[in-house]
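Protein chains in written order, with my numbering: chain B, 1 to 310; chain A, 311 to 620. C-beta: ideal position from N, C-alpha, C; glycine also.
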């Protein structure tokens, strides 16, 4: 992994929940100065402490990240964005709430500051329309947990703004993927949603239990897709003739398979099956323990990637 | 990874293409004796040579696999299955063809031999109904490339046969996932198919290019699903309340997202977009080079898993 160390820049973090903490850890470890604000005073007060874990994980992943920027907690949004070059907004998924924040940010931040939303479910159009200066807004959706997962999905209306945002996130060691037009769920959550629908269907139809579906994914497609994309996978599946051969010869059978995929509803019965199946799959491990295991596995995979690419 | 070294058992490989070669390499490296047969004499004659690459990869992954069984090429199916304990069938995906092979296998193999089909697209019911002794048949679908990918998806009608088959494949270092009932595409290819449909839709709708969709998958959901399953992922997505909380609070928004997923057809226009997008994504790398890269990445990921689990 390339982690170019740009000179520190002033970053404002709006919203100090999990995503805000993750962004802050990443920025600080890369030597940027971070000012953070949240409307909830308790959330602000615990923020510095909640950065410790993510900071350790970021450094475990890339020991060269020895620099640390300065962290400040601001008492108001206006004080937070003063002098910022990047404003990363991590507020709840509400259009009116976010639009209200953008109006205040525009009034208080330098006119050159980039305004970036971490939104997972709203689009640039929903957020930007009616905004005073919509070209300054980008959607920059990280994948949870953002300080470990490399992906940032980016949409900007202007090529200049897009390129500037891309450079900023690549400077944070992120893998930036660009959308040509806004879409609900961007790319990754659309793909995840489509896969989960069939994963729910397999459980609802009684084909396999929750734990077995998850194991099939981890040891099969998940592992493959951590190495090679789905389109490229079908290119290799076509043998010497590649994707063209695949589409010509196996396209019709894929279309038939698509027709057999399920469209389950999340009925009370299906929700019970999923809940009981997940409980069985946890084997008594609680959520913090499951998160620790996930993070350890992610860090091991990412270290292997870094070792391979360097 | 646990790689229990069972004492060598006689394995018959029916069909000497890529999948047959992969199974043979895995069995030999684990100390089993392999007899292989293919109706095509040229395919038989090149078989031993085509095992070299997979054998090297299997040993790169697990240097403790120093044992090697004996490889023999049989001139007839009947000679191939004589004395076999496991018969692994890797014939083309045709029900009449496979049924014809099973009849010959049953006539020539020991009555105790397990008959396993590597079929990716046919079900146990389609293959087993009308067979003389259907309880001996299991579907045991490996994920490509099978000597690297851990997953084997298993269905058997009898619990005893299922457990015996599971033990055999686990002895080959495989991660065995059990289906409760047969399904077209088993689990993994159903999930892959569902995800690819949306990946095609994203390209067809102009949301993002092929290369960007693949990168989003590799650095986002693919990486995550190599560490944690999709159901468990939503359990963690529900915070302290887990999957029950997620379903109660975010279930309705998932159902709304499902409704926005695409149902593209593989029209000539869409096929052109996919083909051109894949060509651009290859950056001039040919298929053998792309396969080498994929295998290197898989081996690095699997080594990281082994190091973590041991």
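query: Determine the direct distance from the alpha carbon of residue 304 of chain B to that of residue 227 of chain B, and round the result to whole angstroms.; result: 11 Å
query: Closer than 7 Å, Cβ to any Cβ of chain A: which residues of the stretch 168 to 190 of chain B, in chain order?; result: 175, 177, 178, 179, 180, 181, 183, 184, 185, 187, 188 and 190
query: State the CB to CB distance for the pair residue 476 of chain A and residue 486 of chain A, rounded to an integer number of angstroms; the pair is presumed to be in contact (CB under 8 Å).; result: 5 Å
query: Would you check if the distance between the CB atom of residue 12 of chain B and the CB atom of residue 55 of chain B is smaller than 8 Å?; result: no
query: Could you check whether the Cβ of residue 373 of chain A sits closer than 7 Å to any heavy atom belonging to the ligand SAM?; result: The ligand SAM is absent from the structure shown, which contains no ligands of any kind.
query: At a CB-CB cut-off below 7 Å, which residues of chain A make contact with residue 260 of chain B?; result: 494
query: Beta-carbon separation of residue 520 of chain A and residue 584 of chain A under 8 Å?; result: yes
query: Suppose you measure from the CA of residue 301 of chain B to the CA of residue 52 of chain B; what does that come to, to the nearest Å?; result: 22 Å
query: What's the C-alpha gap between residue 369 of chain A and residue 341 of chain A?; result: 12 Å
query: Figure out for me which residue from B:148, B:15, B:306 and B:247 has the closest Cα to the Cα of residue 311 of chain B.; result: Look at the range of chain B in this structure, 1 to 310, and you will see that residue 311 of chain B is not part of it.
query: With respect to the beta strand (DSSP E) encompassing residue 136 of chain B, which residues constitute its N-terminal and C-terminal limits?; result: No beta strand (DSSP E) contains residue 136 of chain B, which DSSP labels as neither H nor E.
query: Have a look at residue 143 of chain B and residue 299 of chain B and give me their C-alpha separation to the nearest angstrom.; result: 15 Å
query: Assuming residue 194 of chain B and residue 508 of chain A are in contact, meaning their beta carbons sit under 8 Å apart, how far apart are those beta carbons, in whole angstroms?; result: 4 Å
query: Counting C-beta neighbours from all protein chains within 10 Å, is the total for residue 286 of chain B 16 or more, i.e. buried, or is it exposed?; result: exposed
query: Where in the stretch 408 to 473 of chain A do unbroken runs of the beta strand (DSSP E), each at least 3 residues long, occur, reported from the N-terminal end onward?; result: 424 to 427, 447 to 452 and 461 to 466
query: Do residue 570 of chain A and residue 311 of chain B have their beta-carbon atoms positioned less than 8 Å apart in this structure?; result: Within the shown structure, residues of chain B are numbered from 1 to 310, placing residue 311 of chain B beyond reach of any answer.
query: By the three-class DSSP mapping on this structure, what secondary structure does residue 36 of chain B have?; result: strand
query: Can you give me the C-alpha to C-alpha distance between residue 600 of chain A and residue 592 of chain A, rounded to a whole angstrom?; result: 8 Å
query: Taking its Cβ as the centre, do 16 or more other Cβ atoms sit within 10 Å of residue 217 of chain B, making it buried, or is it exposed?; result: buried
query: Listed in chain order, which residues of the stretch 100 to 120 of chain B have Cβ atoms closer than 7 Å to some Cβ of chain A?; result: none
query: Using a Cβ-Cβ cut-off of less than 9 Å, list which residues of the stretch 220 to 240 of chain B approach chain A; keep chain order.; result: 220, 221, 222, 223, 224, 225, 226, 227, 228, 229, 230, 231, 232, 233, 234, 235, 236, 237, 238, 239 and 240
query: To which residues does DSSP link residue 320 of chain A through a beta bridge?; result: A:343
query: For a test of the three-state rule: what should DSSP assign to residue 42 of chain B, helix, strand or coil?; result: helix
query: Taking Cβ-Cβ distances shorter than 9 Å, what residues in chain B pair up with residue 588 of chain A?; result: 231, 232, 234, 235, 242, 243 and 244
query: At a CB distance below 9 Å, what residues from the stretch 188 to 208 of chain B approach chain A? Give them in sequence order.; result: 188, 189, 190, 191, 192, 193, 194, 195, 196, 197, 198, 199, 200, 201, 202, 203, 205, 206, 207 and 208
query: So for residue 228 of chain B, helix, strand or coil by DSSP?; result: coil
query: On the DSSP bridge list, what partners appear for residue 87 of chain B?; result: B:12 and B:115
query: Give a yes or no on whether the minimum CB-CB distance between residue 312 of chain A and chain B is below 8 Å.; result: Annotation note: pLDDT 41 at residue 312 of chain A (below 50); position unreliable, no value reported.
query: Give me the chain B residues within the contact set of residue 575 of chain A, using Cβ-Cβ distance strictly less than 8 Å, ordered along the chain.; result: 255
query: Answer yes or no: does any C-beta atom of chain B fall closer than 8 Å to that of residue 316 of chain A?; result: Because the pLDDT of residue 316 of chain A is 49, which lies under 50, any placement of that residue in the model is unreliable, and the question is left without a value.
query: Given this structure, state the Cα-to-Cα distance separating residue 99 of chain B from residue 123 of chain B, to the nearest angstrom.; result: 12 Å
query: Let me check understanding here. Comparing Cα to Cα, which of B:170, B:138, B:43 and B:150 lies closest to residue 158 of chain B?; result: B:138
query: Say whether chain A places a C-beta atom closer than 8 Å to the C-beta of residue 50 of chain B.; result: no
query: Excluding the 5 residues preceding and the 5 following residue 602 of chain A in the sequence, name in chain order all residues of the same chain whose CB lies nearer than 8 Å to its CB.; result: none
query: DSSP three-state call for residue 546 of chain A: helix, strand or coil?; result: helix
query: Select from A:551, A:393, A:320 and A:414 the residue whose C-alpha is nearest the C-alpha of residue 380 of chain A.; result: A:320
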